[in-house]
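Below is one structure; the comments refer to it alone.
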Amino acid sequence: MIRRQFLTLPALALATPALAQSDRSIRLVVPVAPGGSQDIVGRLIARHLGTALGAQIVVENHPGAGSNIGYELVARARPDGLTLLAGSDSLSINKSLFRRLSFDPIDDFAPIAQATSVPQILVVRADFPANSFEDFVTRSRTAPAAVGTPGNGSLSHLLAELIQQATETRWTHVPYRGGSLAVNDLLGGSLQGVMINIGAVTQHVQSGRLRGLAV
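Letter by letter, the sequence shown follows residues 569 to 783 in this note's numbering.
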């Protein structure tokens, strides 16, 4: 599974004319907690977009409810091109997971660009007694494994569920309001593993604090 992150704005907005003509600041809504890969990508976009447009881009984090809080905020924003969304695959996934949504992922948003395509990775602490994906699966059959993800219904969560079905194992899913929060608890020893975007843990894997088991 590949997590895709993209820019959208409220439907009916004519983005380029509005952004070019307005002297108001532009807000970029990131529907997850600060620190994760989606937040990092959003802030990189804001930096370069602000330079290109000669405008101030204000990044706002609105995590919660599987990113629906941020999505709803953008869907209800004035369609003037001054509110952007750094969304992800959950915008399309959530329609199948929640009985009621206050927005429509197709009708209420206008896509601008796909920004990234990011693989998922299963990581453990460097001192965890499993050196491979097969070791982790075997161990989890006898020793309960708590695996964190960036949230219920996230691509990481769905991938973890698919892996459990395929390997006939059962993990305890621990959802967070953002990937960075899950990684912090993994480093602190509260979790046995984390399924997450590879960009969110690359530095920790390279430094030796975490070990990647499968991409």
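Here a beta-carbon is modelled for each residue, glycine too, at the ideal position from N, C-alpha and C.
Residue i: which of the options sits nearest, CA to CA?
| i | options | result |
| --- | --- | --- |
| residue 680 | 722, 689, 651 | 651 |
| residue 711 | 667, 740, 690 | 740 |
| residue 775 | 759, 761, 755 | 755 |
| residue 674 | 659, 748, 664 | 659 |
| residue 601 | 748, 661, 575, 574 | 748 |
| residue 632 | 751, 705, 662 | 662 |
| residue 753 | 666, 727, 715 | 715 |
Near residue i, what residues of its chain come up, given a Cβ to Cβ distance below 8 Å and the 5 sequence neighbours on each side ignored?
| i | result |
| --- | --- |
| residue 707 | 697, 698, 713 |
| residue 588 | Summary for residue 588: the model assigns pLDDT 49, below 50, so the residue's position carries little reliability; its value from the coordinates is reported in the next sentence. Correct list, in chain order: 621. |
Kindly list the residues whose CB is nearer than 7 Å to the CB of residue i, restricted to its own chain and excluding five residues on each side of it in sequence; keep chain order.
| i | result |
| --- | --- |
| residue 583 | Note that residue 583 scores 47 on pLDDT, short of 50, meaning its location in the model is unreliable and no value can be drawn from it. |
| residue 743 | 717, 719, 720, 725 |
| residue 618 | 624, 625 |
Beta carbon of residue i, beta carbon of residue j: below 8 Å?
| i | j | result |
| --- | --- | --- |
| residue 800 | residue 764 | Because the chain in this structure spans residues 569 to 783, residue 800 falls outside the shown range and cannot be described. |
| residue 609 | residue 683 | yes |
| residue 603 | residue 746 | yes |
| residue 781 | residue 722 | no |
| residue 666 | residue 636 | yes |
| residue 737 | residue 705 | yes |
Mind checking which residues open and close the alpha helix (DSSP H) that includes residue i?
| i | result |
| --- | --- |
| residue 773 | 770-775 |
| residue 729 | 723-735 |
| residue 636 | 636-643 |
| residue 752 | 747-756 |
Starting from the C-beta of residue i, find all residues in its chain whose C-beta is less than 6 Å away, skip the five residues before and the five after it, and write them out in chain order.
| i | result |
| --- | --- |
| residue 640 | 670, 671 |
| residue 779 | 692, 694 |
| residue 638 | 597, 599, 630 |
| residue 594 | 623, 625, 650 |
The beta strand (DSSP E) spanning residue i covers which residue range?
| i | result |
| --- | --- |
| residue 620 | Taken as a continuous stretch (DSSP letters only), residue 620 belongs to no beta strand (DSSP E), being part of the alpha helix (DSSP H) at 605-621. |
| residue 701 | Counting along the chain, residue 701 falls outside any beta strand (DSSP E), though it belongs to the alpha helix (DSSP H) covering 701-708. |
Is it true that the region 685-692 meets the region 756-772, where meeting means three or more beta-carbon pairs spaced less than 8 Å apart? yes
At a cut of 8 Å, does the region 626-643 reach the region 731-738 through at least three beta carbon pairs? no
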